[in-house]
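Enquirer: Protein sequence lines, in the order shown, are assigned to chains A and B.
To get the working numbering, take the position in the first sequence, counting from 1, and add 54.
To get the working numbering, take the position in the second sequence, counting from 1, and add 54.
Note that CB positions come from ideal geometry on N, CA and C, so glycine has one too.
Treat the numbers as computed from the prediction; the structure is a model and nothing was measured.
Structure provided below as structure tokens; questions to follow.
There are 2 protein chains.
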Amino acid sequence: MTFIDESIQILKRESYKITGPRRAVLEVLAEAEIPLSAYDIEEHIPENIPINVVTIYRVLEVFEKVGIIHKIHTKEGYVRCDFEKQKGCHSFAVCSECGRSKEFVQKECKLETQLPQKLVYKSLSHISEISGLCKQCA
Amino acid sequence: MTFIDESIQILKRESYKITGPRRAVLEVLAEAEIPLSAYDIEEHIPENIPINVVTIYRVLEVFEKVGIIHKIHTKEGYVRCDFEKQKGCHSFAVCSECGRSKEFVQKECKLETQLPQKLVYKSLSHISEISGLCKQCA
DNA sequence: TTTTAAATATAATAATATTGCATTTAAAAT
DNA sequence: ATTTTAAATGCAATATTATTATATTTAAAA
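Dropping the structure here:
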């Protein structure tokens, strides 16, 4: 199943409407090779059906909440989730030069079990990104 | 050795001048319990010797470069480095509610060895944060 | 087709970050 | 102590990113 179809399925399951702007953003993210910000996405939307950037912010907020995109901190932007990857500790490798990123799963990640119990009572989420140069940029 | 003294030592070693604004920012960071942004720090600077926020941005840039502060992405701000912690995989536990954070070292972290060689040629740095509720907020 | 809550566009504003340039200052050199 | 000088800062302007309120539109259920 494609990223777009799977995303639409998830949105419907979570009772969100499938709108023009949401489809358009999904299409941009489906083709993206690097993390995109709201303004980046605005630039990639076809000129004949422009979408207000405020809407894009709101669309991204929903997409992140339902788990179809992931925020990349190394490059301040969003990438589509790789639904192929199964449960585990999800991390991202991000090229420090061009931003191309790849999701990967660490099977024996001890991030959540080794954490200092003194501070964190219950783990909610985590960010795990490693940056370096990709083959093209090296 | 205190955070301030150790930081000054590092700045001198790296040939940066020890200025009033830099001392003031170090003092704010030394007392901080949560990650602070440039504007947060501006608010904590004594009113009698105000520091321009542009300067604070530049000070923080230098501090991060020489490794005396660490950027926290979960709460968009900076915290002082914990110099007690030795080499290893440095991660942060951040309270999702109040922002209190704690640096910790993962001795057997496989983040850098398990990464997909296809994308990342040589690792430069990484971000590793886990968020949850601290004892106070839980 | 009608209804209705959800979603969007628009305009305004707020918050965050950056740049260029004149002035000041820490610290080295005299 | 003074002078010198590159580095650092302050200021003003601007750019970028993000948010809010409200009227209008629309997807999808009735």
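Taking only beta-carbon atoms, is Glu96 of chain B less than 8 angstroms away from chain A?
Expert: For the purposes of this step, residue 96 of chain B is identified with residue 42 of the second sequence, where counting begins at 1. Chain A contact via Cβ: absent.
Enquirer: Taking Phe214 of chain B as the reference, give the member of B:Ile122, B:Ile95 and B:Gly131 with the closest Cα.
Expert: Residue 214 of chain B lies beyond the range of chain B shown here (55 to 192); nothing can be said about it.
Enquirer: Relative to the alpha-carbon of Glu97 of chain B, which residue among B:Val79, B:Val159 and B:Leu178 has its alpha-carbon at the smallest distance?
Expert: Against the second sequence, residue 97 of chain B aligns to sequence position 43. The residue with the shortest Cα to Cα distance from Glu97 of chain B is B:Val79.
Enquirer: Quick one: grab the DSSP three-state call for Ser91 of chain A.
Expert: Reading the first sequence from its first residue, position 37 is the one you call residue 91 of chain A. In this structure, Ser91 of chain A counts as coil in the three-state DSSP scheme.
Enquirer: Applying the criterion that 16 or more other CB atoms from any shown protein chain within 10 Å of the CB defines a buried residue, is Glu87 of chain B buried or exposed?
Expert: On the second sequence, residue 87 of chain B is found 33 positions in, with the first residue counted as 1. When all chains shown are included, Glu87 of chain B counts as exposed.
Enquirer: From the DSSP output, which residues share a beta bridge with Gly186 of chain A?
Expert: Residue 186 of chain A sits at position 132 when you count from the first residue of the first sequence. Beta-bridge pairing links Gly186 of chain A to A:Cys149 and B:Ser177.
Enquirer: Does the distance from the C-beta atom of Cys191 of chain A to that of Cys152 of chain A stay below 8 angstroms?
Expert: Mapped onto the first sequence, residue 191 of chain A falls at position 137. Mapped onto the first sequence, residue 152 of chain A falls at position 98. Yes. Within cutoff.
Enquirer: So what does DSSP say about Phe137 of chain B, is it helix, strand or coil?
Expert: Here residue 137 of chain B corresponds to residue number 83 of the second sequence, with the count starting at 1. Here Phe137 of chain B sits in coil by DSSP.
Enquirer: Could you have a look at Ile126 of chain B and say whether DSSP puts it in helix, strand or coil?
Expert: Locating residue 126 of chain B in the second sequence gives position 72, where the first residue counts as 1. Note: Ile126 of chain B maps to strand in three-state DSSP.
Enquirer: Between the Cα of Ser177 of chain B and the Cα atoms of A:Val148, A:Val113 and A:Thr109, which residue gives the shortest distance?
Expert: In the second sequence, the residue the question calls residue 177 of chain B occupies position 123. Here the closest residue by C-alpha is A:Val148.
Enquirer: With DSSP collapsed to three states, give me the class of Gly131 of chain B.
Expert: Along the second sequence, one-based indexing puts residue 131 of chain B at 77. Reduced to three states, the DSSP call for Gly131 of chain B is strand.
Enquirer: For Glu68 of chain B, does the count of other Cβ atoms within 10 angstroms reach 16, so buried, or fall short, so exposed?
Expert: To locate residue 68 of chain B, count along the second sequence from 1; it is residue 14. Answer is exposed; the Cβ neighbour count stays below 16.
Enquirer: In its own chain, which residues sit with a C-beta less than 8 angstroms from the C-beta of Leu187 of chain B, not counting the 5 before and 5 after it?
Expert: Numbered from 1 along the second sequence, position 133 holds the residue referred to as residue 187 of chain B. Only Cys149, Ser150 and Glu151 meet the Cβ criterion.
Enquirer: Using alpha carbons as the reference points, say which of B:Asn106, B:Glu183 and B:Ser179 lies closest to Glu118 of chain B.
Expert: The residue labelled residue 118 of chain B in the question sits at position 64 within the second sequence. Minimum Cα distance to Glu118 of chain B is reached at B:Ser179.
Enquirer: Is the CB-CB distance between His127 of chain B and Cys135 of chain B below 8 angstroms?
Expert: In the second sequence, counting from the first residue as 1, residue 127 of chain B sits at position 73. In the second sequence, counting from the first residue as 1, residue 135 of chain B sits at position 81. For His127 of chain B and Cys135 of chain B, no; Cβs fall outside 8 angstroms.
Enquirer: Give me the Cα-Cα distance between Pro100 of chain B and Ser185 of chain B, rounded to the nearest whole angstrom.
Expert: Counted from its first residue, the second sequence places residue 100 of chain B at position 46. Counted from its first residue, the second sequence places residue 185 of chain B at position 131. Pro100 of chain B and Ser185 of chain B: Cα-Cα distance of roughly 31 angstroms.
Enquirer: Which chain A residues are close to Gly186 of chain B, counting only those with a beta carbon under 7 angstroms from its beta carbon?
Expert: Position 132 of the second sequence, counting from 1, holds the residue named residue 186 of chain B. Val174, Tyr175, Lys176, Ser177 and Leu178, listed in chain order.
Enquirer: Do you know whose CA, among A:Glu130, A:Met55 and A:Glu157, lies nearest Gln140 of chain A's CA?
Expert: One-based indexing of the first sequence puts residue 140 of chain A at position 86. Among A:Glu130, A:Met55 and A:Glu157, the Cα nearest to that of Gln140 of chain A belongs to A:Glu157.
Enquirer: So is Ile72 of chain A buried or exposed if we call it buried at 16+ other beta carbons inside 10 Å?
Expert: The residue labelled residue 72 of chain A in the question sits at position 18 within the first sequence. With fewer than 16 other Cβ atoms within 10 Å, it is exposed.
Enquirer: When the distance is taken between beta carbons, is Pro89 of chain A closer than 8 angstroms to Ser155 of chain A?
Expert: In the first sequence, counting from the first residue as 1, residue 155 of chain A sits at position 101. In the first sequence, counting from the first residue as 1, residue 89 of chain A sits at position 35. Closer than 8 angstroms, so yes.
Enquirer: Report the residues of the segment 116 to 137 of chain A with a CB closer than 7 angstroms to any CB of chain B, ordered along the chain.
Expert: Under the 7 angstroms Cβ criterion, the segment 116 to 137 of chain A contributes His127 and Thr128.
Enquirer: For Cys143 of chain A, write down the residues that DSSP places opposite it in a beta bridge.
Expert: Within the first sequence, the letter at position 89 stands for residue 143 of chain A. Beta-bridge pairing links Cys143 of chain A to A:Gln160.
Enquirer: Answer yes or no: does any C-beta atom of chain B fall closer than 8 angstroms to that of Ile88 of chain A?
Expert: The count along the first sequence starts at 1 and reaches residue 88 of chain A at position 34. Chain B contact via Cβ: absent.
Enquirer: Consider the C-beta atom of Ile123 of chain B and the heavy atoms of the ligand HEM; say whether any pair is separated by less than 7 angstroms.
Expert: Here there are no bound small molecules, and the ligand HEM is not part of this structure.
Enquirer: For the alpha helix (DSSP H) containing Tyr70 of chain B, name the first residue and the last one.
Expert: The residue labelled residue 70 of chain B in the question sits at position 16 within the second sequence. Segment: none, Tyr70 of chain B is in no alpha helix (DSSP H) and carries neither H nor E.
Enquirer: Can you have a look at Glu183 of chain A and say buried or exposed, based on whether 16 or more other CB atoms are within 10 angstroms of its CB?
Expert: Position 129 of the first sequence, counting from 1, holds the residue named residue 183 of chain A. So Glu183 of chain A counts as buried.
Enquirer: Would you mind sorting Tyr132 of chain A into buried or exposed? The rule is 16 or more other CB atoms within 10 Å of its CB.
Expert: Position 78 of the first sequence holds residue 132 of chain A. Buried is the call here.
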